[in-house]
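Here is the structure we will look at.
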Amino acid sequence: MLIGSYKKSLFFIFVIVIIIATILSGCATDFEHADSADDIEIEQGNIVEMKIVLGYAEAIPSKDNLVIQELNKLANANILVEWTPMVSYNDKFNVLMSSNNMPDVILVPDAKNTTFVFGVNAGLFWELTPILKDYSNLSEINPVLLKNTAVNGKFYMLPRERTLKRKMIVYRSDWAQEAGLEAPDTIDGIYNMAKAFAEGDYDKNSKKDTIGFSLGTVNNEIDCFDALVVAFGGFNKWGIQEEKIIPSFMTDEYLQTLKWLRKMYQENLLSRDFAITKTTQIVPDIVNEEKTGLWLSYRLPDQSDPVLMSKQKEDPSIKREDVYDFTFLKGPENTERVAAETGVAGGFAFPTTSVTTKERLKELLNVFDHIQSQQGQILINNGVPDVHFDLVDGKYAKPKDPEVFNVEVSPIGQLGTSGMKSYIIAGDDISIRLDLARRTFDSNGMIFDVTAPLSSNSYSSNYSTLLNIISEAQFKFIMGDIDEMGLEKAIEDWKNAGGNAAIEEFTRAYYSKTD
């Protein structure tokens, strides 16, 4: 008992250091303005009250939000939501973690959040490992997602499921058709299309000025770079080699990827300033100026895209897929090989300070079990049938009013742990096709970062330094400023800056969980 109290004391000292600046901003937990039982009509009985704080992006849902009302009926609950701006949720989370008035359920923004992990180790959250099997819907949560949120090999949150399959190649389908090229779903396919676009005049400006293949950067590294390494047969950031967890840049496949990009750079198929081009600049500054027709991305240009709208003015029958298309990459064996995401956007944890008994925990889990049901998922992702959406072809939800949907339904989606049982949002043909493609995959073709469920103090504390060492070498190698010896030197610098310790810690953590 004394040990537990000591751990909690240490935790609160740790948190207070983190949130002093935040707490001065006046953030507080206040459910006075949350929905209450007085504002909803619900059959009285053993109603489970559940207090939770969620983020909103555009507008706060009203107190009489119909989706919440229907959820309450479904789960026999009284869900009390305090809404806080999404952009400041991390600050709010830190304040909640230090308060004496924790909600029943806390949304943890990142499964590896340092404050949360300290809290787990101090005994401030319920372990869920032994009891999820008792719930018909929660027991169906993807084990990979649970594993990716684990702390010390145990589960302390209900993960919020997100798409595993996101990184893709986006290209100008009209240019590809004119060039007689198929979807660039292989490394050779990317190269051939990049070469055709760079050497052709598909924008019809009579100039040889097209960038064959556009790369963007985020946090000083090439965005979606792992998608290329994986297509070469390599790791997604980290993998296992000779019984050790090692980073992908210590493998031959990574070097092959760099050499391939270096060749493209030398042949003027890549932008000369790719190293300083932000991912957010690619579509507005390059694609919309028709300077490129091939790039790595997480998303397609939307239906308000200037190039698309310009073409639709000339021919109203033109669809988005007539101008843009997408493909996911295949590996050396010509089968789909995708650099998988963690599939998790934080999750819901249950504080032991506010949820004081196991019986109370089970009540709250039962509410989430109803939310996880197909009916619950449809409510929070699509809305109320015939009020927020019409069902098309028995499988697509077409919002009746997109603006109303964004205010009344979208924020409630923050309550979800999964959306795979909900209807696909009806859109144009290509958006439906993309949604289906992301939901359909061979698990063997999804390549995961093996360190996703692991932690390394050395890696976390030296993250920025380690990242910059490799990113700088990556850029220099592609542009021809260093050779393989220069790259090897950078890797040695990385090892000496905490990388070797990270390898040892990740390896030890991995095998301690598989014993």
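Quick note: the sequence shown uses our numbering, first residue 217, plus one each step.
Ideal Cβ placement from N, Cα and C applies to all residues, glycine included.
- In the displayed model, Ser687 falls within a helix according to three-state DSSP.
- In the DSSP assignment, Tyr272 falls outside any alpha helix (DSSP H) and within the unbroken beta strand (DSSP E) covering 264-272.
- Approximately 4 Å separates the beta-carbon atoms of Gly563 and Pro375; this is inside 8 Å, confirming the contact.
- For the options Gly335, Tyr726, Ile685, Pro669, the alpha carbon positioned closest to that of Lys363 is the one of Pro669.
- The shortest C-alpha to C-alpha distance from Leu631 to any of Ala410, Asn421, Gln588 is the one to Gln588.
- Asp307: member of the alpha helix (DSSP H) spanning 305-314, first to last residue.
- Taking C-beta separations shorter than 7 Å and ignoring five residues to either side along the sequence, the partners of Leu380 in its chain run Ala556, Glu557, Gly559, Met662, following chain order.
- In this structure, Phe691 sits away from Gly702, with a CB-CB distance that is not shorter than 9 Å.
- Counting the other CB atoms within 10 Å of its CB gives Ile456 a total below 16, which places it among the exposed residues.
- Rounded to the nearest angstrom, the gap between the Cα atoms of Asn421 and Tyr675 is 49 Å.
- Rounded to the nearest angstrom, the Cβ distance from Tyr372 to Glu415 is 55 Å, too far for a contact under 8 Å.
- When Ile357, Asp531, Glu274, Glu298 are compared, the shortest CA-CA separation from Met266 is found for Glu298.
- Bounds of the beta strand (DSSP E) holding Met384 are 384-388.
- In the DSSP assignment, Lys546 forms a beta bridge with Glu552.
- Asn598 is classed as buried because its beta carbon has at least 16 other beta carbons within 10 Å across all chains shown.
- Ala565 and Ser626 have their C-alpha atoms spaced approximately 22 Å apart.
- Looking at the DSSP output, Phe429 bridges to Leu486.
- In this structure, Ile646 and Arg536 form a Cβ contact; the two beta carbons are roughly 5 Å apart against a cut-off of 8 Å.
- Excluding sequence positions up to five before and after Thr402, its CB lies within less than 8 Å of the CB of Ala447, Leu545, Lys546, Asn550, all in the same chain and listed in chain order.
- Pairing Asn504 with Phe413, the inter-Cα distance amounts to about 15 Å.
- For the options Ile268, Asn262, Ile276, the alpha carbon positioned closest to that of Val620 is the one of Ile276.
- Our two residues, Ala443 and Leu580, have alpha carbons roughly 39 Å apart in a direct line.
- The shortest CA-to-CA distance from Asp699 to any of Val445, Asp665, Ser671, Arg478 is the one to Arg478.
- For a cut-off of 8 Å, the C-beta gap from Asp425 to Thr433 is around 22 Å, too long to register as a contact.
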